[in-house]
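Below: the structure, in C-alpha cells.
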Amino acid sequence: MNLIKQEKLQETLKIFKALHCPIRWIIIKSLTSGELTTNEIFNLLKNIGEDISKSALYYHLSELRDAGIIELAEYREVGKGAPEKVWKLKIKGIKINFLEDL
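Numbering (our numbering), first residue to last: 62 to 163.
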C-alpha cells in the first residue's frame, strides 16, 4: 500500500472511531443549526436526559475535533470567568469511495 493510501486509510479510521459513540452524533446534530459553546452543548445533552460529566464532554469534543469533524470557532467571554470555547462543524458530510480511498 502506498503512503498516500495509507494516510487516507488512517484518516478514515480516525473518523470511524470518532463516530462510534451516540453522544457524538447528538453533538454533531446540535451543531448543524450553528455554533454552540461547550456549556450550551452540555446543557443540551442534560436536557435530553444524557448523564454526562463536563470532563466526558470535553473528551467527546476533542475526539470529534481530532477527527476533523468539528473545530473551534472562537472563544467567547462569559461573565468574569475564563473565555468559553465555541464549536462549529468543520465538515458537512463524509464520502468514502471504497474503490479509491481504501
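Glycine residues also receive a C-beta, built at the ideal position from the N, C-alpha and C atoms.
- In this structure, DSSP gives residue 134 an extended state, which the three-state scheme calls strand.
- Counting along the chain, residue 145 sits inside the beta strand (DSSP E) bounded by residues 145-150.
- Residue 73 sits in a helix when the DSSP states are folded into three classes.
- Taking the C-beta atoms as reference points, residue 118 is found nearer than 8 Å to residue 99.
- A distance below 6 Å between beta-carbons, with the five flanking residues on each side excluded, links residue 113 to the following residues of its chain, in chain order: 106.
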